[in-house]
Amino acid sequence: EAGVVQSPRYKIIEKKQPVAFWCNPISGHNTLYWYRQNLGQGPELLIRYENEEAVDDSQLPKDRFSAERLKGVDSTLKIQPAELGDSAVYLCASTLGRGVYEQYFGPGTRLTVT
Amino acid sequence: SQQGEEDPQALSIQEGENATMNCSYKTSINNLQWYRQNSGRGLVHLILIRSNEREKHSGRLRVTLDTSKKSSSLLITASRAADTASYFCAPYRSNDYKLSFGAGTTVTVRA
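Now the structure itself:
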């Protein structure tokens, strides 16, 4: 069974540029999470999807961040415009459903904003 | 916040020794999970202990949970070089379906 797939693995952009990250969860997993992990810290939740609905986006900086999960499968997280402080690893995770606790993480996208 | 807080921040041990790390949290939980992260990789789920359990084993891993003290511990026995990683505890509260990660414990196993 394929794991959670993320692309790109690495991205370097200049500040004020836009950037997008893509995630393909494990087949059949209805719940999808986006996390941000700063250096030396644990992941922090940005947004949680149940199928195509964003059910918790309270931690998503909505002035510059947006996300979508069309058809309840793949998801895209976008930052526009990027700031220096956005440099971090962006992790996607999925699980079968909200009553299933174990989360499966992708390898992450390491974003560097210069 | 129910964020887990791991202690110590870093741990260096010799191969074959045991490694113990602790986690404290602040609010009531449904379960507590431990994850491992190798350098530059995503997190991997290691073990889950429910709030009504006190101890759980999985291979060389032993987890304890004390809900009265709001604390948990992870013991890795007979450590190997491949155990070198960061370990995160993540309390889980079922009313908001969130895992809350601490900063982790970085474990280095010396050959």
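Going down the list, the protein sequences come from chains A and B. So for the first sequence, our numbering puts the first residue at 1; every next one is plus one. So for the second sequence, our numbering puts the first residue at 1; every next one is plus one. Using N, Cα and C, we set each Cβ at its ideal position, and we do this for glycine too.
- A:Arg9 sits exposed, since fewer than 16 C-beta atoms from the chains shown fall within 10 Å of its C-beta.
- B:Ala78 carries a coil assignment under DSSP once its states are collapsed to helix, strand and coil.
- Cβ neighbours of A:Arg98 within its own chain (closer than 7 Å, five residues either side excluded): Thr31, Glu50.
- The beta-carbon separation of B:Ala81 and B:Val44, rounded to 17 Å, does not stay under the 8 Å limit for a contact.
- Closest by C-alpha distance to B:Thr105, out of B:Phe88, B:Ala111, B:Asp96, B:Asn95, is B:Phe88.
- Here the segment 71-78 of chain A does not lie against the segment 4-12 of chain B, with fewer than 3 beta-carbon pairs under 8 Å apart.
- Excluding five sequence positions before and after B:Thr67, the CB atoms of its chain that fall closer than 6 Å to its own CB belong to Ser51, given in chain order.
- Within the DSSP secondary-structure output, B:Pro91 pairs in a beta bridge with B:Leu32.
- Within the same chain, Ile79, Gln80, Pro81 come within 7 Å of A:Arg64 by CB-CB distance, once the 5 residues on both sides are set aside.
- The beta carbon of A:Tyr90 does not come within 7 Å of any beta carbon belonging to chain B, so the residue lies off that interface.
- Under a criterion of Cβ atoms nearer than 8 Å, the residues of chain A adjacent to B:Lys98 are, in order, Leu45, Arg48, Asp56.
- Contact with chain B is found for A:Tyr101, since one of that chain's Cβ atoms lies less than 7 Å from the residue's Cβ.
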